[in-house]
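Some notes on the structure that comes next.
There are 2 protein chains.
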Amino acid sequence: MVNRNAHFYPIILAGGRGTRFWPLSRKRRAKQLLALDGKQTMIQQTAQRLAPLALPTHFWIITNEDSRPAILRQLRKIPAKQIMAEPIGRNTAPAIGLAAFLLLRRDPNAVLGMFPSDHVIGDAAQYRATLSRGIEIASAGENIVVLGIRPTRPEIGYGYIEAGSHETDAAGEHGSLRVRRFTEKPDLAAAAKFVESGNYFWNSGMFLWRADTLADALREYLPKTARLLERIASTYGTGKFADTFRKLYPKCENISIDYAVLEPRSAQGERQSHIFCLPSDFGWNDLGSWAALHEHRVAKAKPANGGPVSASGSVDLNAKNNFVYAPGKFVALVGVSNLIVVETEDALLVTTLDQSQEVGKVVTYLDEKKLHKLV
Amino acid sequence: MVNRNAHFYPIILAGGRGTRFWPLSRKRRAKQLLALDGKQTMIQQTAQRLAPLALPTHFWIITNEDSRPAILRQLRKIPAKQIMAEPIGRNTAPAIGLAAFLLLRRDPNAVLGMFPSDHVIGDAAQYRATLSRGIEIASAGENIVVLGIRPTRPEIGYGYIEAGSHETDAAGEHGSLRVRRFTEKPDLAAAAKFVESGNYFWNSGMFLWRADTLADALREYLPKTARLLERIASTYGTGKFADTFRKLYPKCENISIDYAVLEPRSAQGERQSHIFCLPSDFGWNDLGSWAALHEHRVAKAKPANGGPVSASGSVDLNAKNNFVYAPGKFVALVGVSNLIVVETEDALLVTTLDQSQEVGKVVTYLDEKKLHKLV
Chain G
-2 MVNRNAHFYP
8 IILAGGRGTR
18 FWPLSRKRRA
28 KQLLALDGKQ
38 TMIQQTAQRL
48 APLALPTHFW
58 IITNEDSRPA
68 ILRQLRKIPA
78 KQIMAEPIGR
88 NTAPAIGLAA
98 FLLLRRDPNA
108 VLGMFPSDHV
118 IGDAAQYRAT
128 LSRGIEIASA
138 GENIVVLGIR
148 PTRPEIGYGY
158 IEAGSHETDA
168 AGEHGSLRVR
178 RFTEKPDLAA
188 AAKFVESGNY
198 FWNSGMFLWR
208 ADTLADALRE
218 YLPKTARLLE
228 RIASTYGTGK
238 FADTFRKLYP
248 KCENISIDYA
258 VLEPRSAQGE
268 RQSHIFCLPS
278 DFGWNDLGSW
288 AALHEHRVAK
298 AKPANGGPVS
308 ASGSVDLNAK
318 NNFVYAPGKF
328 VALVGVSNLI
338 VVETEDALLV
348 TTLDQSQEVG
358 KVVTYLDEKK
368 LHKLV
Chain L
-2 MVNRNAHFYP
8 IILAGGRGTR
18 FWPLSRKRRA
28 KQLLALDGKQ
38 TMIQQTAQRL
48 APLALPTHFW
58 IITNEDSRPA
68 ILRQLRKIPA
78 KQIMAEPIGR
88 NTAPAIGLAA
98 FLLLRRDPNA
108 VLGMFPSDHV
118 IGDAAQYRAT
128 LSRGIEIASA
138 GENIVVLGIR
148 PTRPEIGYGY
158 IEAGSHETDA
168 AGEHGSLRVR
178 RFTEKPDLAA
188 AAKFVESGNY
198 FWNSGMFLWR
208 ADTLADALRE
218 YLPKTARLLE
228 RIASTYGTGK
238 FADTFRKLYP
248 KCENISIDYA
258 VLEPRSAQGE
268 RQSHIFCLPS
278 DFGWNDLGSW
288 AALHEHRVAK
298 AKPANGGPVS
308 ASGSVDLNAK
318 NNFVYAPGKF
328 VALVGVSNLI
338 VVETEDALLV
348 TTLDQSQEVG
358 KVVTYLDEKK
368 LHKLV
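Okay, here's the thing in structure tokens:
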């Protein structure tokens, strides 16, 4: 059973650009605004998935000016003033930090969840059950909860969490592991060992903590930024807010919450840090590239030999395992395999499953050449 | 120097569909109607290239109902009634045969040239010089002249001509070789030997002969078809023609002129057959597939690493030797090589240089599935 926690506030971070999904993703149509998996967009799915856990008025979105108009259209139930556009991207620490200082003034018992806006979750019920447990653990005081994904392959693109001892509570099973260490992205050999060991988890980027716990941590580890954020938060609801936000936020440190708070805090040792990992098995996929989306679609739909094709029709002759997105076209694949082909009104991308993580470089090129219409 | 020969009649055969150029080629937009090499279409280039050798009123086009409207638009100088649509395709023997019987009635000294409508010729001046010599040889009586392309690779897709002894005339060099034998498409080992030998040539499908020589040959080798064609020709210019053509032409044998006349005639021996091969070096390319067009463009334009790209713009990252046709799109190639990608308003083809000769099978599939709009 999943119940709404009256003090739970989901903070959805939607400031990314998702350039690896070019040409479908654009500056004003970032990855989280695309319906990459189903009919709803990634951010709509994120909000809907969390809806049973929190009041609509408890959702906050931190995004940017380019994405805000589309988010307002896509998430009509969330109060518009809680869909906030950063004047400039400052990574996750200032974003979630601002939310902590804002909510602390509203609800001294607020528990924050930090959620990326562009991930896929296969089993939403399982996801909510995991989160409910996490909210409970986080509510209990100075605990920090991180959702750790049980690794299924030696992925070198993710950070890993090394878990320590099992935690039990009065009722028996606490359901979490104490965190021993956050690790940087490993090389392939290390990643393979991590997967084998059984006590390493992928860092999902989903965290839970009380607003006061986070605020205290920021004051300790990022004092200058914490002061700036407190000043911004203090003007919220007044005529000064817009101006203060625009002037002070860019002065915050450009740093992730992992690097700013979690890593130094975990260095205190697994007993002292109060960081807990909730092992998670709810079919998580961060859709980090076209290849990841391909893999997700293959696993979900088991498409024909040629591979997953979005088109008005298609035929494959001696073709295998391609990903094609060309809505409205009839697609013929002849003797090709492991390709990614994505077509939009004004652009055509051709790459391979292996190389699709390089697609962001195309956007870098287009930015450099000032081909604004294409980015 | 090239002079117009008052009795020379170019017969351009334009009944092919060119399915290997799908999705660009369609039933009503066959390969010869496409501008695959430059601004003019293949058939326009064919006619223009021959223009200095023959009067505009001497051109005849044999095509089909699907292509005739476009040819009328593309070749306005040629008399409309000389752009003839076969009621049904019957291969080259009836097509060129009909022309022979028609012209015989107009000009007893007519010399016919049979020309495919969809080939590329790199050096038009050299081409015309070769043809001029061929017209001279053909004019001289019962000679048949075939243009033989000096082979540059062991191509297994072509028929070969085995040449025999050099022919000299009173003035010294006749400029041609007697033909010993026409061979079927060879296997790779045989083709390699042919190329090495120096006396094998690719059969270009371009022939020259007097109308009466061809008519006599047809009467000898295809007597039933010859009689049908004579009956059709006898009604030309009368009200009965359309009906006779429609009724009798389908009864002609469905056979190539090579197989019907040239091969049996060459079996008489190189002295008796009077078939001459003119060795030709004018940059011929039959553009038999997307890969052949790719090769032609690479040789002609030496494009950037990524390969020849027709698009509004493009970038290649670690990409090599691809052929892309996507007009109006910005194309990004990331880590791919030796691919062919062709996009039209309603279709997208993805294949490889190696497999592009299989593209015709896509059209077979579309025909079978009655996807008429796509063929």
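Here the protein sequences come in this chain order: G and L.
Here our numbering is used: the first residue of the first sequence is -2, the next is one more, and so on.
Here our numbering is used: the first residue of the second sequence is -2, the next is one more, and so on.
Glycine is no exception: its CB is placed at the ideal position from the N, C-alpha and C atoms.
Does DSSP put residue i in a helix, in a strand, or in coil?
i                      : result
residue 349 of chain G : strand
residue 83 of chain L  : strand
residue 131 of chain G : helix
residue 16 of chain L  : helix
residue 155 of chain G : coil
residue 357 of chain G : helix
residue 252 of chain G : coil
residue 21 of chain L  : coil
residue 221 of chain L : helix
residue 180 of chain L : strand
residue 329 of chain G : strand
residue 40 of chain G  : helix
residue 117 of chain L : strand
residue 169 of chain G : With a pLDDT of only 48 at residue 169 of chain G, under 50, the local geometry of the prediction cannot be trusted, and the value read off the model is given with reservation. The answer is strand: DSSP assigns residue 169 of chain G an E or B state.
residue 372 of chain L : coil
residue 1 of chain L   : coil
residue 362 of chain G : helix
residue 385 of chain G : It is not possible to answer for residue 385 of chain G, since the shown part of chain G is limited to -2 through 372.
residue 26 of chain L  : strand
residue 33 of chain G  : coil
Chain G partners of residue i, CB-CB under 8 Å?
i                     : result
residue 12 of chain L : Within 8 Å Cβ-Cβ: nothing; residue 12 of chain L doesn't reach chain G, min ~24 Å.
residue 45 of chain L : The contacting residues do not exist; residue 45 of chain L stays about 33 Å from chain G at best.
Could you tell me the boundaries of the beta strand (DSSP E) in which residue i lies?
i                      : result
residue 6 of chain L   : 5 to 11
residue 210 of chain L : Element bounds for residue 210 of chain L: not the beta strand (DSSP E) but the alpha helix (DSSP H), 208 to 218.
residue 60 of chain L  : 57 to 61
Cβ closer than 9 Å: which chain L residues qualify as neighbours of residue i?
i                      : result
residue 349 of chain G : 331, 332 and 333
residue 340 of chain G : 323, 326, 340 and 345
Go to residue i, then tell me how far its alpha helix (DSSP H) extends in each direction, as first and last residue.
i                      : result
residue 91 of chain L  : 89 to 103
residue 112 of chain G : That residue, residue 112 of chain G, is in no alpha helix (DSSP H); its beta strand (DSSP E) goes 108 to 113.
residue 313 of chain G : No alpha helix (DSSP H) holds residue 313 of chain G; the beta strand (DSSP E) holding it covers 310 to 314.
residue 289 of chain G : 287 to 298
residue 68 of chain G  : 65 to 71
residue 52 of chain G  : That residue, residue 52 of chain G, is in no alpha helix (DSSP H); it is neither H nor E in DSSP.
residue 150 of chain G : Note, residue 150 of chain G: premise wrong, no alpha helix (DSSP H); not H, not E.
residue 279 of chain L : Neither: residue 279 of chain L is in no alpha helix (DSSP H) and is coded neither H nor E.
residue 262 of chain G : 260 to 263
residue 241 of chain G : 238 to 245
Just the chain G side, please: which residues come within less than 9 Å of residue i by C-beta, in chain order?
i                      : result
residue 372 of chain L : Within chain G, no residue comes near residue 372 of chain L; the closest Cβ sits about 10 Å away, beyond 9 Å.
residue 174 of chain L : Chain G residues near residue 174 of chain L: none, gap ~39 Å exceeds 9 Å.
Could you name the residues that DSSP lists as bridge partners for residue i?
i                      : result
residue 163 of chain L : L/174
residue 198 of chain G : G/158
residue 340 of chain G : G/345
residue 317 of chain G : G/334
residue 273 of chain G : G/142 and G/175
residue 307 of chain L : L/322
residue 185 of chain G : Residue 185 of chain G is not bridged to any residue.
Which residues of chain L have a Cβ atom closer than 8 Å to the Cβ of residue i, listed in chain order?
i                      : result
residue 192 of chain G : Result: empty, since nearest Cβ-Cβ is about 26 Å, beyond 8 Å.
residue 336 of chain G : 333, 336 and 347
residue 71 of chain G  : Within chain L, no residue comes near residue 71 of chain G; the closest Cβ sits about 27 Å away, beyond 8 Å.
Determine the chain G residues that contact residue i at a beta-carbon separation under 7 Å, and present them in chain order.
i                      : result
residue 328 of chain L : 345
Any heavy atom of the ligand GTP closer than 7 Å to the CB of residue i?
i                      : result
residue 312 of chain G : Only the bare structure without any ligand can be found here, which leaves the ligand GTP out of the picture.
Using a Cβ cut-off of 7 Å, pull out every chain L residue sitting near residue i, in sequence order please.
i                      : result
residue 31 of chain G  : Here the premise fails: no neighbours, minimum Cβ distance about 18 Å.
residue 245 of chain G : Those do not exist, as residue 245 of chain G stays about 39 Å from chain L at its closest Cβ, beyond 7 Å.
residue 312 of chain G : 359 and 362
Exercise. Quick one, which residues of the segment 354 to 370 of chain G are near chain L if we go by CB-CB under 8 Å, in chain order?
Worked result: Residues passing the 8 Å Cβ filter: 355, 356, 358, 359, 362, 363 and 368.
Exercise. For the segment 280 to 309 of chain G, which residues have a CB atom closer than 9 Å to at least one CB atom of chain L, in sequence order?
Worked result: Against chain L - using a Cβ distance shorter than 9 Å - the residues of the segment 280 to 309 of chain G are 308 and 309.
For this session: Anything in the segment 15 to 27 of chain L with a Cβ closer than 8 Å to a Cβ of chain G? List those residues in chain order, please.
Result: Result list: 19 and 20.
Exercise. Which residues, in chain order, does the segment 84 to 110 of chain G contribute to contact with chain L at a C-beta distance below 8 Å?
Worked result: For the segment 84 to 110 of chain G, which is checked against every Cβ of chain L, not one residue is closer than 8 Å.
Exercise. Looking at chain L, which residues of the segment 119 to 152 of chain G have a Cβ within less than 7 Å of any of its Cβ atoms?
Worked result: Residues: none.
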